[in-house]
Amino acid sequence: EAQVTQNPRYLITVTGKKLTVTCSQNMNHEYMSWYRQDPGLGLRQIYYSMNVEVTDKGDVPEGYKVSRKEKRNFPLILESPSPNQTSLYFCASSLKGPYFDEQFFGPGTRLTVL
Amino acid sequence: QKEVEQDPGPLSVPEGAIVSLNCTYSNSAFQYFMWYRQYSRKGPELLMYTYSSGNKEDGRFTAQVDKSSKYISLFIRDSQPSDSATYLCAMIRRNRDDKIIFGKGTRLHILP
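So the sequences go chain by chain: A and B. Count along the first sequence from 1, add 84, and you get the number used in the working numbering. Count along the second sequence from 1, add 156, and you get the number used in the working numbering.
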């Protein structure tokens with residue numbers, strides 16, 4: 085089944101404790117992206133990647149890091165999480181990019197930073 | 157002024173009614189427009205994609221773009237309870253930098 089998977093789905097952590105949210109797609113997509121969704125603010129892009137070893141900042145990249153060492157994986161790294169990073173996070177992928185074709189979203193990761 | 161404005165609702169309409177959802181935008185560089193549907197506890201899924209002014213129809217859904225007014229709409233005909241979801245508009249700039257800007261989403265409830 086073609087899908088985007090994220091792990092963990094739910095995470096409660098404390099300020100300053102490094103964490104990684106994994107994202108994997110099995111569709112051989114070149115484009116992958118991370119979003120956060122907050123009440124009243126909507127869906128905002130954090131980082132995106134056009135292909136392996138190619139990443140770029142979205143609209144809210146501060147406090148996040150990403151890497152794209154393999155085509156299928158695009159982990160989101162929070163080196164020192166803070167409470168304002170409490171949010172619902174979505175990973176998405178598409179064959180070439182949202183300009184060209186549909187983005188497929190993962191199921192979401194709900195992160196709480198205490 | 158925010159780049160993309162969308163009324164968060166909630167919008168409640170009876171089953172069978174025509175639903176109109178709207179977004180306005182301020183940046184004339186936006187040239188590619190999308191509507192996503194998001195069910196509770198799920199990721200968004202693409203409904204419609206348009207890149208020119210005018211109408212695009214797909215089943216019960218019609219997307220309308222008016223670039224002169226910087227206004228886009230999604231119409232749902234013969235609305236069903238299964239259409240109850242949050243609808244997000246999204247836009248990409250003309251330079252195709254693949255950055256996508258989403259509206260905040262409108263929560264829609266179709267009442268049986």
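Yeah, the Cβ is synthetic: ideal placement off N, Cα and C, and Gly gets one too.
C-alpha distance - A:LEU127 paired with B:LYS260, whole-angstrom precision: The alpha-carbon separation between A:LEU127 and B:LYS260 amounts to approximately 7 angstroms.
Residues in its own chain within less than 7 angstroms of A:THR170 by CB, not counting five upstream and five downstream? Closer than 7 angstroms at Cβ, skipping near neighbours: LEU195, THR196, VAL197.
Reference B:ASN183; option with closest CA among B:SER240, B:PRO268, B:LYS226: Of the residues B:SER240, B:PRO268, B:LYS226, the one whose Cα lies closest to the Cα of B:ASN183 is B:LYS226.
How many angstroms separate the CA atom of B:THR242 from the CA atom of B:SER168? As the crow flies, the alpha-carbon of B:THR242 is around 12 angstroms from that of B:SER168.
At least one CB of chain B closer than 7 angstroms to the CB of A:LEU127: is that the case? For A:LEU127, the answer is yes, since a Cβ of chain B falls inside 7 angstroms of its Cβ.
If we cut at 7 angstroms on Cβ distances, does A:TYR183 have a partner in chain B? By the rule that beta-carbons nearer than 7 angstroms mark a contact, A:TYR183 touches chain B.
List the residues of chain B that A:GLN187 touches, going by C-beta distances under 7 angstroms, in chain order. Going along chain B in sequence order, the residues near A:GLN187 (Cβ under 7 angstroms) are LEU202.
So is B:PHE217 in contact with chain A if we call contact Cβ pairs under 7 angstroms? Not a single CB atom of chain A sits nearer than 7 angstroms to the CB of B:PHE217.
Could you check which residue in B:THR262, B:SER238, B:ASN211, B:PHE186 has the C-alpha nearest to that of B:GLU171? Of the listed residues, the one whose Cα sits closest to B:GLU171 is B:SER238.
Is any beta-carbon of chain B found at less than 7 angstroms from that of A:THR158? The residue you asked about is not Thr; residue 158 of chain A is Phe in the sequence shown. Under the 7 angstroms criterion on CB atoms, A:PHE158 is classed as non-interfacial with respect to chain B.
Would you verify that the beta carbon of A:GLY147 is, or is not, closer than 7 angstroms to some beta carbon of chain B? Closer than 7 angstroms: no.
With distance defined between alpha-carbon atoms, name the residue in A:ASN91, A:VAL98, A:GLN87 nearest to A:ASN168. When C-alpha distances from A:ASN168 are compared across A:ASN91, A:VAL98, A:GLN87, the shortest belongs to A:VAL98.
Can you pull the DSSP bridge partners for A:THR89? Looking at the DSSP assignment, A:THR89 forms a beta bridge with A:SER108.
Would you say A:GLY218 reaches chain B, if we count a Cβ-Cβ gap shorter than 7 angstroms as a contact? Missing from the structure shown is residue 218 of chain A; chain A here goes from 85 to 198 and no further.
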